[in-house]
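Some notes on the structure that comes next.
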Amino acid sequence: MASRVVNAPTRFPRKPVAAHLPRRRVLLGPAANVILSIEMSILPILHFPDQRLRETSRNVTSFDDELRRLVADMTDTMYLAEGAGLAAIQVGTALRLFIIDPEVAGRQATEPPMVFINPEIVRLSDEAQTGDEGCLSFPGIFVPVKRAMTAEVKAFDVEGKPFTVEGSGLFARAMQHEHDHLAGRLLIDMVGPVKRQIIKRKMRKEAEVEAT
Ligand code: NI
1 MASRVVNAPT
11 RFPRKPVAAH
21 LPRRRVLLGP
31 AANVILSIEM
41 SILPILHFPD
51 QRLRETSRNV
61 TSFDDELRRL
71 VADMTDTMYL
81 AEGAGLAAIQ
91 VGTALRLFII
101 DPEVAGRQAT
111 EPPMVFINPE
121 IVRLSDEAQT
131 GDEGCLSFPG
141 IFVPVKRAMT
151 AEVKAFDVEG
161 KPFTVEGSGL
171 FARAMQHEHD
181 HLAGRLLIDM
191 VGPVKRQIIK
201 RKMRKEAEVE
211 AT
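Per the working numbering, residue 1 is the first one in the sequence shown, and the count goes up by one each step.
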C-alpha cells in the first residue's frame with residue numbers, strides 16, 4: 001500500500017512515549033502513500049470548560065513535517081482515548097484540522113484515520129438524524145443531537161491534496177461534530193438549558209476530582 005518509508009525528524013521536543021505504546025509504524029493515508037516510522041506521543045486532551053476549546057481555529061498554511069507529526073500524534077491520542085474523531089483544538093492546537101476513525105469514515109479498521117485539513121461543509125441534507133453524541137472533551141457524556149443525515153465536505157489531505165467526500169449516518173455526524181470544533185462550537189451548545197446545566201455540573205465535578 002505504501003511505497004516509501006520516511007523517518008520523521010525529531011526536532012519537536014516531546015514527552016517520552018507511553019510505556020504501553022510500542023514504537024510502531026503509522027500509516028498516514030492512502031493518498032499520502034507515506035509511512036512514518038516514528039515514536040508516537042499521546043497529547044493531553046482539553047476538557048470542557050477549558051476556554052481554549054472556544055477558540056476559532058485558523059487555516060493550515062504549510063503541509064510540512066510538523067503537520068504530519070501533529071496528525072500522527074492526534075491519531076495515537078484518538079485511538080488511546082477510543083474516540084471516533086478528534087479536532088486539533090482539542091489537543092490545544094488552533095488549526096483547522098480534524099481526523100475521523102477509519103471505520104466511521106467507511107474504511108477498513110486497518111487503514112489510517114481520515115484527515116481533514118481546512119475543511120468546508122459544502123452541503124447538508126434536509127433529511128436529519130437524531131442520535132447520541134459524545135466528545136472526547138466531555139468524557140462520559142452522551143446526549144441526543146440532531147444533525148443532517150448526509151454531509152458533503154471538501155478538504156485537503158495531509159499532503160495538501162484537495163478532496164471532496166460525502167458521508168451519511170455516523171460519518172456525517174462525525175464530520176459535522178468535528179467541523180463545529182473549528183469554530184469553537186461544542187456538544188454542550190447543542191442541548192437545551194436543563195441538560196446544559198447538568199453537563200456543566202458533571203464537568204465541574206470531574207475537574208475538581210482531576211485537581212485533587
Ligand atoms: Ni468533540
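For glycine and all other residues, C-beta sits at the position ideal for the given N, C-alpha and C.
Where the beta strand (DSSP E) through A128 begins and ends
Annotation: the continuous beta strand (DSSP E) that includes A128 extends over A128 to E133.
Can you confirm whether the stretch 100–113 touches the stretch 167–187 when touching is taken to mean that 3 or more C-beta pairs between the two stretches lie within less than 8 angstroms?
Taking 8 angstroms as the limit for Cβ pairs, the verdict is that the stretch 100–113 does touch the stretch 167–187.
Assuming A151 is part of the beta strand (DSSP E), what are its boundary residues?
From DSSP, the beta strand (DSSP E) with A151 extends over T150 to F156.
Using only CA atoms, which one of D50, I42 and P44 lies nearest to K200?
Ranking the options by Cα distance to K200, first place goes to D50.
Between the CA atoms of L95 and L67 - distance to the nearest angstrom
L67 and L95: Cα-Cα distance of roughly 10 angstroms.
How would you label A72, buried or exposed, when you count the other beta carbons within 10 angstroms and need 16 or more for buried?
With 16 or more Cβ atoms within 10 Å of its Cβ, A72 is classed as buried.
I need the straight-line Cα distance from I117 to Q90, nearest angstrom please.
Q90 has its alpha-carbon roughly 15 angstroms from the corresponding atom of I117.
Per the DSSP calculation, I99 is bridged to which residue(s)?
Beta bridge pairing from DSSP links I99 with L86 and V115.
Neighbourhood of the ligand NI [Cβ distance below 6 angstroms to any heavy atom], ordered by chain position:
Working through the chain, the matches are C135, L136, S137, H177 and H181.
First through last residue of the alpha helix (DSSP H) which encompasses T75
T75 -> alpha helix (DSSP H) spans D65 to L80.
Using 8 angstroms as the threshold, is the C-beta distance between E178 and G92 below it?
Cβ atoms of E178 and G92: not closer than 8 angstroms.
Using beta-carbon positions only, say whether Q129 and G169 come within less than 8 angstroms of one another.
It is a contact, given that the beta carbons lie within the stated cut-off.
Drop a sphere of 10 angstroms on the beta-carbon of E82, count the other beta-carbons inside from all chains shown, and report buried for 16 or more, exposed for fewer.
The residue in question, E82, is exposed, as its Cβ has fewer than 16 Cβ neighbours within 10 Å.
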